[in-house]
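Chemist: Sharing a structure, written as structure tokens. Questions coming.
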Amino acid sequence: MGVDCGQYASLRERKVDTTLQNTPGALLIIDQQQGIRSLDKPRNNPDAEVRIAALLARWRDAGWPLVHIRHISRESASVFAPGQSGALFQPEFMPREREQVLEKNVPDAFINSGLEHWLRVRGIDGLVIVGVASENSVEATARSAGNLGFATTVVADACYTFAKTDFAGRPRSADEVHDMAMANLQGEYARVLYTDELLANSPTP
């Protein structure tokens, strides 16, 4: 069972302004790499990849900007190290020609990646963030995006994470970890929506 996440947990029951303008902004797909599939831990949102793929198809059909974020580890033993198969994109999320690919070495996709510059020079002031892991790269990137003034949306059911142990040594389910990450972001750094809400309120391509 997930934790009680206040605003995030009650999102569907509240009247939320989900209306989007001419474009929802750039879609950031974070760390959809083969190495993620090697993690042998319970995860949440088993259909997250299906939802990410649906959003990717919508952005491609509409010609909206999108960015594939890839993590390249500085640790040679990491599955995300250069030259490792784990660093490659998952086949269903392979970037197409002319689609932007940016690499990062830390969870925050804005650090030393050129992402902010790429967005600014194109006049892009909105971001839609999906991917993995909810409390790690997704949350770190969304926090920076909000602090930098971007209108940021995180798609809750198109993000996912894995079970872990908290600082006090208590085991936390993947749902608990994910829900707390969404609660941390909602209303302060970003708005948290679901895929169906985003698609229903985005402009028609």
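Residues in the sequence shown are numbered from 3 upward in steps of one, following my numbering.
Positions of the beta carbon are idealized from the N, C-alpha and C atoms, including for glycine.
Owing to the predicted nature of the structure, the values given are computational and were not obtained by experimental measurement.
#1: Quick one: grab the DSSP three-state call for ASP63.
#2: Express the C-alpha separation of VAL132 and ALA160 in angstroms, rounding to a whole number.
#3: Considering only the beta carbon of each residue, do LEU29 and VAL134 sit closer than 8 Å?
#4: Output the boundary residues of the beta strand (DSSP E) element that contains GLY148.
#5: Enumerate in chain order the residues of its own chain whose CB-to-CB distance from LEU104 is below 8 Å, with the five nearest sequence positions on each side excluded.
#6: Are the beta-carbon atoms belonging to GLU137 and VAL179 less than 8 Å from one another?
#7: Could you round the C-beta distance between LEU88 and GLY37 to whole angstroms and report it? I think they count as a contact, below 8 Å.
#8: Are at least three pairs of beta-carbons, each pair with one atom in the region 163-178 and one in the region 46-63, less than 8 Å apart?
#9: Hey, how far is the Cα of PHE95 from the Cα of ALA55?
Modeler: To lay it out plainly:
#1: helix
#2: 5 Å
#3: no
#4: Element bounds for GLY148: not the beta strand (DSSP E) but the alpha helix (DSSP H), 141-149.
#5: VAL69, HIS70, ILE71, ARG72, ALA111, SER115, GLY116, LEU117, TRP120
#6: yes
#7: According to the sequence as given, residue 88 is Gly; it is not Leu. So it is a contact: roughly 3 Å between Cβ atoms.
#8: yes
#9: 7 Å
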